[in-house]
Amino acid sequence: MRHASRELTCQELVELVTEYLEDTLAPSERLRFDAHLRTCPGCTAYIEQMRTTIRVLGKLSEESVSEDARRELLATFRTWKADVAKRDG
Amino acid sequence: MNSTRAPSPTDELELVLALRAGDEDAFTDLVNRYEAAMLQIALAYVPSRAIAEEVVQEAWLGVLHGIERFEQRSQLKTWLMRIVLNRAKRRGSEEARTIPFSVIQPAWNDSGPSVEPGRFRGPSNAWPGHWVSPPSSWSGVPEARLLSGEMFEQVRRALGELPTRQREVITLRDVLGYPAHEVCNVLAISETNQRVLLHRARSRVRAAVERYLEQ
Chain A
1 MRHASRELTC QELVELVTEY LEDTLAPSER LRFDAHLRTC PGCTAYIEQM RTTIRVLGKL
61 SEESVSEDAR RELLATFRTW KADVAKRDG
Chain B
1001 MNSTRAPSPT DELELVLALR AGDEDAFTDL VNRYEAAMLQ IALAYVPSRA IAEEVVQEAW
1061 LGVLHGIERF EQRSQLKTWL MRIVLNRAKR RGSEEARTIP FSVIQPAWND SGPSVEPGRF
1121 RGPSNAWPGH WVSPPSSWSG VPEARLLSGE MFEQVRRALG ELPTRQREVI TLRDVLGYPA
1181 HEVCNVLAIS ETNQRVLLHR ARSRVRAAVE RYLEQ
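Here you go:
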């Protein structure tokens, strides 16, 4: 058993970062986490790096499909529509 | 993020009805809303952008053929994502037989630590478990470097090297910005499992970004 009041080490903290960011840490763990951050510039930088990483990941979604693919897609739609019209008509 | 542009249920119903009636504007509207997300999902399973675009095309064809049978009980977005997910998975496993998807695996294994153990002081040290080489702040890194094409390439490569389950979760959560409960729903995994996979994936991508910025 880990002693509840013992300070977290940096190596332990990095394993809890996602739970910290997702706000799923138990209140006592959160206190220990925050207490560690207050005195540790390395771990503070680590959390900031993680937030930056998430932000960069979010920018990947701005890529879209190519114009060619878009044209092909509309052609597919028109073929489908014509087929449906033939079947129903 | 995508969740903010989520259409209301009446909106969706109208779209579905218009699409069934063969309304091209409704189709274009739907494509505009979801194609970027579908592309990202496809990229999580197949080894190239060209194949991912093919998967998206196939998925839309699947949508058109299935729209008559679409039931209003499930959300339109969830339904679309399932279609692309299934096609991408199938295509991904076909491709895996011919091309090795992950060529380089990281030195530490799937259930291993988030940060290489060598970065911390050993048990015989005065401060066991504390940083030997602490991470440095990235607040001074110019935005142009952080969001450069080269950075995106590095991040893409890091995603490509992740085990599939981790790549699925991080794509949905961080690339597409879906909330945790939606990711659990689409992938049929528990909240805890989702969080563990996300944690491993983020830890590895962070390490890749760090290697790139500090090379």
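Keeping their order, the protein sequence lines are chains A and B.
Under my numbering, the first residue of the first sequence carries the number 1, and numbering increases by one thereafter.
Under my numbering, the first residue of the second sequence carries the number 1001, and numbering increases by one thereafter.
For every residue, glycine included, the Cβ atom is placed at its ideal position computed from N, Cα and C.
- Between Leu1015 of chain B and Thr76 of chain A, the C-beta gap is not smaller than 9 Å, which leaves the two residues out of contact.
- Residue-level contact check: His1065 of chain B touches chain A, since one or more beta carbons of chain A fall below 9 Å from its beta carbon.
- Three or more Cβ pairs closer than 8 Å define a contact, and the region 1141 to 1149 of chain B falls short of that threshold against the region 1178 to 1196 of chain B.
- Residues Arg1167 of the same chain have their beta carbon placed closer than 6 Å to that of Leu1159 of chain B, with the five preceding and five following residues left out of the count.
- Straight through space, the alpha carbons of Arg1156 of chain B and Glu67 of chain A are spaced by roughly 22 Å.
- Excluding its 5 nearest sequence neighbours in each direction, Lys1089 of chain B has C-beta neighbours in its own chain below 6 Å: Tyr1045, listed in chain order.
- Relative to Leu1039 of chain B, the option among B:Phe1027, B:Glu1058 and B:Thr1028 whose CA is nearest is B:Glu1058.
- Only Leu57, Gly58, Lys59, Leu60, Ser61, Glu62, Glu63, Ser64, Val65, Ser66, Ala69, Arg70, Glu72, Leu73, Leu74, Thr76, Phe77 and Arg78 from the region 57 to 78 of chain A bring a Cβ to less than 8 Å from some Cβ of chain B.
- Within 10 angstroms of the beta-carbon of Asp1174 of chain B lie 16 or more other beta-carbons, which makes it buried.
- In this structure, Glu1210 of chain B and Gln49 of chain A form a Cβ contact; the two beta carbons are roughly 7 Å apart against a cut-off of 8 Å.
- At a Cβ-Cβ threshold of 9 Å, Arg78 of chain A and Glu1035 of chain B do not count as neighbours.
- Interface flag for Pro1117 of chain B against chain A is set, since a Cβ pair is found closer than 9 Å.
- Straight-line spacing of the CA atoms in Pro1113 of chain B and Pro1135 of chain B works out to 16 Å.
- At the C-beta level, Ser1203 of chain B and Val65 of chain A stay beyond 9 Å of one another.
- DSSP places Pro27 of chain A in the uninterrupted alpha helix (DSSP H) bounded by Pro27 to Thr39.
- It is roughly 52 Å from the alpha-carbon of Gly1066 of chain B to the alpha-carbon of Arg1119 of chain B.
- With its beta carbon at least 9 Å from every one in chain B, Lys86 of chain A lies outside the interface.
- Only buried fits Ala1207 of chain B, as 16 or more other CB atoms lie within 10 angstroms of its CB.
- By the 16-neighbour rule on beta-carbons within 10 angstroms, Arg1195 of chain B is buried.
- Ala1201 of chain B places its beta carbon less than 9 Å from that of Leu1162 of chain B.
- Rounded to whole angstroms, the Cβ separation of Ala1052 of chain B and Leu1061 of chain B is 15 Å, and the two are not in contact under 8 Å.
- Residue-level contact by beta carbon fails for Glu29 of chain A and chain B, as no gap is shorter than 9 Å.
- Of all alpha-carbon atoms in B:Glu1054, B:Ile1041, B:Met1151 and B:Glu1068, the one lying nearest the alpha-carbon of Ala1018 of chain B is that of B:Glu1068.
- For Tyr46 of chain A, the C-beta contacts it makes with chain B under 9 Å involve Val1115, Trp1131, Pro1134, Pro1135 and Arg1206, in order along the chain.
- For Trp1079 of chain B, no pairing in a beta bridge is given by DSSP.
- Our two residues, Arg1165 of chain B and Glu19 of chain A, have alpha carbons roughly 18 Å apart in a direct line.
- When the alpha-carbon of Gly1140 of chain B is set against those of A:Thr52, A:Cys40, A:Asp23 and A:Ala85, the nearest one is in A:Thr52.
- C-alpha of Arg87 of chain A to C-alpha of Ala1021 of chain B: approximately 13 Å in a straight line.
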